[in-house]
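One structure is given here, and the rest of the page talks about it.
In the working numbering, the protein residues as written are 38 to 194.
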């Protein structure tokens with residue numbers, strides 16, 4: 038089982054967006070430059086993230102994307118699922134037809150692994166990941182903007 042670049046890039050881009058979200062909308066070109074992810078690929082990913090209401094777009098000059106919900110309410114599992122990334126260690130995709138249209142001997146093992154991975158990713162929030170990254174910044178504070186119902190990151194130089 039492998040998480041593809043689609044899921045990895047979506048999580049990375051969401052962390053970047055959250056880290057820079059406190060200063061207004063973040064342009065995908067900025068994320069692209071910082072994370073070395075193709076702009077066209079980010080556009081595809083953010084279209085899916087927007088449809089799942091994980092991000093919201095702001096049009097016009099100075100436009101870009103904002104995190105649409107409080108960081109503690111967005112999980113890694115939601116981000117990965119939003120970009121249609123399957124998390125499945127089974128060979129059959131859960132259909133139980135792995136070996137000659139029958140359930141293979143290790144099907145239960147891989148199904149249990151899927152469940153554990155899903156449970157773990159559902160526990161890890163964007164807020165957790167931002168806090169991990171904030172330790173690498175000079176000084177970062179996560180504050181809740183009660184007017185807009187979302188987290189803001191303020192970074193002092």
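Note that the Cβ used here is the ideal one computed from N, Cα and C, for glycine as well.
None of these values were measured; they are calculated from a predicted model.
Relative to the alpha-carbon of residue i, which residue among the options has its alpha-carbon at the smallest distance?
i: residue 225; options: 100, 118, 154 and 86; result: This structure cannot speak to residue 225, because the chain is shown only from 38 to 194.
i: residue 99; options: 48, 142, 64 and 138; result: 64
i: residue 59; options: 166, 134, 104 and 121; result: 104
i: residue 42; options: 69, 122 and 96; result: 122
i: residue 150; options: 128, 169, 137 and 71; result: 128
i: residue 102; options: 115, 83 and 133; result: 83
Between the alpha carbons of residue i and residue j, how many angstroms are there, rounded?
i: residue 56; j: residue 171; result: 8 Å
i: residue 143; j: residue 156; result: 20 Å
i: residue 107; j: residue 87; result: 15 Å
i: residue 135; j: residue 69; result: 39 Å
i: residue 96; j: residue 50; result: 19 Å
i: residue 120; j: residue 168; result: 23 Å
Assuming residue i is part of the alpha helix (DSSP H), what are its boundary residues?
i: residue 108; result: Residue 108 -> no alpha helix (DSSP H), and no H or E assigned at all.
i: residue 48; result: 42-57
i: residue 76; result: 76-88
i: residue 167; result: 163-171
i: residue 145; result: 144-160
Since I believe residue j is in contact with residue i (beta carbons under 8 Å), could you give me their beta-carbon distance rounded to a whole number of angstroms?
i: residue 52; j: residue 166; result: 5 Å
Legend entry - Segment contact flag, the segment 100-119 with the segment 156-176, C-beta cutoff 8 Å, min 3 pairs: Three or more Cβ pairs drawn from the segment 100-119 and the segment 156-176 lie within less than 8 Å of each other, which places the two stretches in contact.
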